[in-house]
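> Using this note's numbering, the letters of the sequence shown correspond one by one to residues 1 to 176.
Ideal Cβ placement from N, Cα and C applies to all residues, glycine included.
Note that this is a predicted model, so its numbers are computed, not measured.
Quick one: this structure, given as structure tokens, is what I'll be asking you about.
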Amino acid sequence: MPLFLSRKVPLLSGRRWSAVRPRSPCSSPAGAGDASPDEGVEADLPVIDERAVEQLTEGLISHYLPDLQRSKSALQELTQNQVVLLETLEQEITKFKECNSILDINALFSEAKHYHSKLVNIRNDMMMLHEKTSKLKKRALKLQQKRQKEELEREQQREKELEREKQLTAKPARRT
């Protein structure tokens, strides 16, 4: 027997209470204001058999209990399915987070590749500039040597011309 049925029904004036029929305001006696509020209640209460109450209760329970049990099991199954769904959802979220971290790693690798190619280009440019400067230094050295040689040759030519002019210049004869 369910817990709520095992309690005793409160007694009113020695009889079991089942239901009090409300009086309509029109049916109150003329001297109702003078009478006690409990007066006349005992006369209105029908006598209810305890066995009938138990049978009605059992019938009501037997009528609704299977539906309630099915609802309870359906709710338990639904709750269990929701727990499984939540766990699956958490796993999927974890996978997406891992995918995002993999994408971040891929982005870092592509960025590193980009900067590596930039460094290779800079290195190649520096090597090319080094070669050009080396060639320019060699050319400048050759030009300097050529200029010095030309200046030396001009100087020698001038000296030869001066010497020749000296030789061509009339010399006063010496008298002997």
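#1: Can you tell me whether residue 173 is helix, strand or coil according to DSSP?
#2: Go ahead and pull the three-state DSSP assignment for residue 104.
#3: Between which residues of its own chain and residue 79 is the CB-CB distance below 6 Å, once the five residues before and five after are set aside?
#4: If you draw a straight line from the C-alpha of residue 126 to the C-alpha of residue 142, how long is it?
#5: Three-state secondary structure (DSSP) at residue 48?
#6: Closer than 6 Å by C-beta to residue 85: which residues in its own chain qualify, once you throw out the five before and the five after it? Chain order, please.
On the basis of the data shown:
#1: coil
#2: helix
#3: none
#4: 24 Å
#5: coil
#6: none
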